[in-house]
Amino acid sequence: MLKTSRALLLLGLLGSSLVHAMDYRIETVTSGLEHPWSLAFLPDGRMLVTERVGRLRIIEQDGSLNPQPVGGVPKGFVAAQAGLMEVMLDPDFASNQQLYLSYAYGTAEANNTRLAKACLVDGQLQDVQVLFSALPAKKGAAHYGGRMAFLPDNTLVLTLGDGFDWREQAQNTSNHLGKIVRLNRDGSIPKDNPLRGQAGVAEEIYSFGHRNVQGIVYDDQLKRLYSHEHGPRGGDELNLIEPGINYGWPLITYGIDYSGAQISPYTELPGLQQPLLHWTPSVAPSSLTQYRGALFPEWQGDLFASTLAERSVRRIRLHNGKLAGQEVLFEELGERIRDVRGGPDGALYLLTDNAKGRLLRVVPSQ
Amino acid sequence: MPSKSRTLLHFLLAVLLTSVLGAVLQTQFNLANLQALGAPIPLMVRLHTTGLDLLGFSPTFAVLVICGFVFALPLAVRLARNWPAGRWLVFALAGALAVWSALTLANALLPMPTLIAANRSLAGTAGLMASGSLGALLFAMLRRPVAPAQS
Chain A
1 MLKTSRALLL LGLLGSSLVH AMDYRIETVT SGLEHPWSLA FLPDGRMLVT
51 ERVGRLRIIE QDGSLNPQPV GGVPKGFVAA QAGLMEVMLD PDFASNQQLY
101 LSYAYGTAEA NNTRLAKACL VDGQLQDVQV LFSALPAKKG AAHYGGRMAF
151 LPDNTLVLTL GDGFDWREQA QNTSNHLGKI VRLNRDGSIP KDNPLRGQAG
201 VAEEIYSFGH RNVQGIVYDD QLKRLYSHEH GPRGGDELNL IEPGINYGWP
251 LITYGIDYSG AQISPYTELP GLQQPLLHWT PSVAPSSLTQ YRGALFPEWQ
301 GDLFASTLAE RSVRRIRLHN GKLAGQEVLF EELGERIRDV RGGPDGALYL
351 LTDNAKGRLL RVVPSQ
Chain B
1 MPSKSRTLLH FLLAVLLTSV LGAVLQTQFN LANLQALGAP IPLMVRLHTT
51 GLDLLGFSPT FAVLVICGFV FALPLAVRLA RNWPAGRWLV FALAGALAVW
101 SALTLANALL PMPTLIAANR SLAGTAGLMA SGSLGALLFA MLRRPVAPAQ
151 S
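Below is the structure:
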């Protein structure tokens, strides 16, 4: 009886995985991208892709890569994890052609993350304005964050990193290391930012105690802001972001250092927010989106996190706003996935992270 | 002349001492940073964390120490032969520089800016180097030339 039950269970699991394997088809849209980092869909059907090496590229409606990079991109600091990161269109892009870029600024000795706004006109960026520069400028080329999202009040949140060697500074609210910041579209500080008016704080801060936040998405139905961040060895986190909250790094963590050393004896302490979930061992989450397309009805409202170390996309199922399990997708590619987006056509789009990176489209197999 | 196996044993004991001291130091520097942020670190937590680092961190540090000592200690032996009066100083410096060189090389070769957290500060780096000195001095002490027995 027990054996029969086990066999049925095994068959069920096997059947389930086969269904998933047959559910979708992955198509290559564009190849030849050098460490692509971020994807944005233009209203005319073209796409913008950043390459970490400092180029902004246009992918035409037919998927061909425009050989001429977009001109006028601000020159940033390119090394290791540093470079051009996210491109995000203004909510009113169709009328104002404005977009936002995050990138590393400075030199090997003194650098951090910067946010700029520009107008895209005839394949060129014009009127480039620096809106925000994270401070202090620090040494090294790691942990920049760099993801963005708009909130319903048209303020934007920008994720930052702790610069790796400055992890304790994630708890210091007088600087931007290890923070998520919230800005108006002109770079000014919103009047209702949670720490605004407090003496000695960086008033752009929206939340703090982060390590390296590389995914953020606003759920406009449930009015929730989700983010994920890289842990060290273990302890990657999915968080529900609320204003003024301390997410604990490095006082609490589920990870340990790459050297094997303890980072903290604690996974919980009073006053420090727990993650919704943590990935241990690390998957290295690199971007986060929420699926709202029509092609995959069963994915509706679920979160999708691309991963570098696991070389997959994690589907995080949400049921009435609560976590309802995970599914590991697209492992068959065997590639680091840098970005995952839901396209206007309902397909899921992926950017693979390597020197010959690709833009992939995931569509139903039928 | 010590046998090869005795020399290897002395070498491994020097590596062990340096690795243990380095691990204990790494823990204390890290816990001091957390205390400065307001974390409570009672004695039992300190001891437990130190124990975890002895198990989890010291093997990594030991690899670096071996990489440094394998060059530094034979060199120190030669130099000390030519300068017997400076023997202890030679080994102390050799141990410290071996650790510093290994840390610098690891940071240059590995993707993370600084492999070992204590190495982020001058005091932490000096502490790790001092661990190397003590390990090298243990090696020197174990290999100390024995005075001929008087008949």
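Protein chains in written order, with the UniProt record's numbering: chain A, 1 to 366; chain B, 1 to 151. Yeah, the Cβ is synthetic: ideal placement off N, Cα and C, and Gly gets one too.
Beta-carbon spacing of residue i, residue j below 9 Å
i, j, result
"Val65 (chain B)", "Ala108 (chain B)", "no"
"Leu160 (chain A)", "Asn96 (chain A)", "no"
"Phe29 (chain B)", "Ala118 (chain B)", "yes"
"Gly357 (chain A)", "Leu351 (chain A)", "yes"
"residue 373 (chain A)", "Tyr218 (chain A)", "Because chain A spans 1 through 366 in this model, residue 373 (chain A) falls outside it and cannot be assessed."
"Ser38 (chain A)", "Asp339 (chain A)", "yes"
"Leu115 (chain B)", "Ala106 (chain B)", "yes"
"Ala62 (chain B)", "Ala96 (chain B)", "no"
"Gly85 (chain A)", "Leu99 (chain A)", "First, the amino acid is wrong: residue 85 (chain A) is Met here, not Gly. Cβ atoms of Met85 (chain A) and Leu99 (chain A): not closer than 9 Å."
"Leu272 (chain A)", "Leu34 (chain B)", "no"
"His10 (chain B)", "Leu142 (chain B)", "yes"
"Gly234 (chain A)", "Tyr254 (chain A)", "yes"
"Gln326 (chain A)", "Arg336 (chain A)", "no"
"Gly248 (chain A)", "Leu195 (chain A)", "no"
"Ile216 (chain A)", "Leu225 (chain A)", "yes"
"Arg147 (chain A)", "Val130 (chain A)", "no"
"Leu177 (chain A)", "Ala110 (chain A)", "no"
"Trp100 (chain B)", "Thr125 (chain B)", "yes"
"Ala40 (chain A)", "Gln26 (chain B)", "no"
"Trp83 (chain B)", "Ala140 (chain B)", "no"
"Val363 (chain A)", "Ala347 (chain A)", "yes"
"Asp62 (chain A)", "Lys117 (chain A)", "no"
Closest residue to residue i among the options (Cα-Cα distance)
i, options, result
"Leu21 (chain B)", "B:Ile116, B:Ala140, B:Phe139, B:Leu134", "B:Leu134"
"Asn246 (chain A)", "A:Asn66, A:Lys179, A:Asp90", "A:Lys179"
"Arg311 (chain A)", "A:Glu298, A:Phe330, A:Gln326", "A:Phe330"
"Gly123 (chain A)", "A:Lys223, A:Val49, A:Pro364, A:Thr30", "A:Val49"
"Phe208 (chain A)", "A:Gln171, A:Glu268, A:Asp23, A:Glu298", "A:Gln171"
"Glu60 (chain A)", "A:Arg211, A:Gly255, A:Val70", "A:Val70"
"Ala80 (chain B)", "B:Thr60, B:Arg144, B:Thr27, B:Ser3", "B:Arg144"
"Gly56 (chain B)", "A:Ile263, A:Arg336, A:Asp353", "A:Ile263"
"Leu33 (chain A)", "A:Glu268, A:Arg185, A:Gly54", "A:Gly54"
"Asp53 (chain B)", "A:Ile241, A:Pro364, A:Ile256", "A:Ile256"
"Cys67 (chain B)", "B:Val90, B:Thr7, B:Val15", "B:Val15"
"Thr173 (chain A)", "A:Pro152, A:Pro136, A:Gln126", "A:Pro136"
"Ala8 (chain B)", "B:Ser121, B:Gln26, B:Pro74", "The sequence as given places Leu at residue 8 (chain B); Ala does not occur at that position. For the residues B:Ser121, B:Gln26, B:Pro74, the minimum Cα distance to Leu8 (chain B) belongs to B:Pro74."
"Glu168 (chain A)", "A:Val130, A:Arg114, A:His210", "A:His210"
"Val72 (chain B)", "B:Ser58, B:Phe91, B:Pro84", "Note on identity: in this sequence residue 72 (chain B) is Ala, with Val being the wrong assignment. Closest option to Ala72 (chain B), Cα to Cα, is B:Phe91."
"Trp166 (chain A)", "B:Pro113, B:Ala140, B:Phe139", "B:Pro113"
"Asp220 (chain A)", "A:Asp153, A:Asp345, A:Leu359", "A:Asp153"
"Phe66 (chain A)", "A:Ala82, A:Arg46, A:Gly83", "In the sequence as presented, Phe is not what sits at residue 66 (chain A); that position holds Asn. Cα-wise, what sits closest to Asn66 (chain A) is A:Arg46."
"Ile241 (chain A)", "A:Val128, A:Arg57, A:Leu151, A:Asp92", "A:Leu151"
"Phe164 (chain A)", "B:Leu43, B:Arg120, B:Phe139", "B:Arg120"
"Ser259 (chain A)", "B:Val77, B:Ser5, B:Leu110", "B:Leu110"
"Leu43 (chain B)", "B:Leu31, B:Ser5, B:Ala85", "B:Leu31"
"Ala149 (chain A)", "A:Thr289, A:Leu359, A:Asp92", "A:Thr289"
"Asn212 (chain A)", "A:Asn239, A:Val128, A:Asp192", "A:Asn239"
"Ala94 (chain B)", "B:Thr18, B:Ala36, B:Arg46, B:Val45", "B:Thr18"
9 Å Cβ cutoff, residue i in contact with chain D
i, result
"Val20 (chain B)", "Any reference to chain D falls outside this structure, whose protein chains are A and B."
Would you list, in chain order, the members of the region 252-279 of chain A that have their beta-carbon closer than 8 Å to a beta-carbon of chain B?
Ile256, Asp257, Tyr258, Ser259, Gly260, Ala261, Gln262, Ile263, Ser264, Pro265, Tyr266, Leu269
With 9 Å as the limit, tell me which residues of the region 117-142 of chain B have their beta carbon closer than that to any beta carbon of chain A; keep them in chain order.
Ala117, Ala118, Arg120
Curious, which full-length alpha helix (DSSP H) runs of at least 4 residues does the region 77-146 of chain A contain?
93-96
Is the region 219-235 of chain A close to the region 272-289 of chain A, with three or more CB pairs under 8 Å?
yes
Please identify, using Cβ separations under 7 Å, the residues of the region 155-186 of chain A that lie next to chain B, in order along the chain.
Phe164, Asp165, Glu168, Gln171
Ordered list of beta strand (DSSP E) runs contained in the region 247-333 of chain A, each at least 3 residues
277-279, 285-290, 303-307, 313-319, 322-329
Counting Cβ pairs, one atom from each stretch, are 3 or more of them under 8 Å apart for the region 292-300 of chain A and the region 262-278 of chain A?
no
Against chain B: residues of the region 124-145 of chain A by CB proximity under 8 Å
Lys139, Gly140, Ala141, Ala142
Is the region 9-24 of chain B touching the region 125-142 of chain B in the sense that three or more CB pairs, one from each, lie closer than 8 Å?
yes
State whether the region 97-110 of chain A contacts the region 69-77 of chain A, with contact taken as three or more CB pairs (one from each stretch) at a distance under 8 Å.
yes
How do the region 75-95 of chain A and the region 141-148 of chain A stand: do at least 3 beta-carbon pairs fall below 8 Å, yes or no?
yes
Using a beta-carbon distance cut-off of less than 8 Å, what residues from the region 89-109 of chain B approach chain A?
none
Could you tell me whether the region 313-327 of chain A touches the region 22-41 of chain A, using the rule of 3 or more Cβ pairs below 8 Å?
no
Residue ranges of each alpha helix (DSSP H) within the region 15-90 of chain B, 4 or longer:
43-56, 58-82
Tell me which residues of the region 11-43 of chain B have at least one Cβ-Cβ distance to chain A shorter than 9 Å, keeping chain order.
Ala23, Gln26, Thr27, Asn30, Leu31, Asn33, Leu34, Ala36, Leu37, Gly38, Ala39, Pro40, Ile41
Taking a Cβ distance cut-off of 7 Å, strictly less, list which residues of the region 68-81 of chain B are near chain A, in chain order.
none
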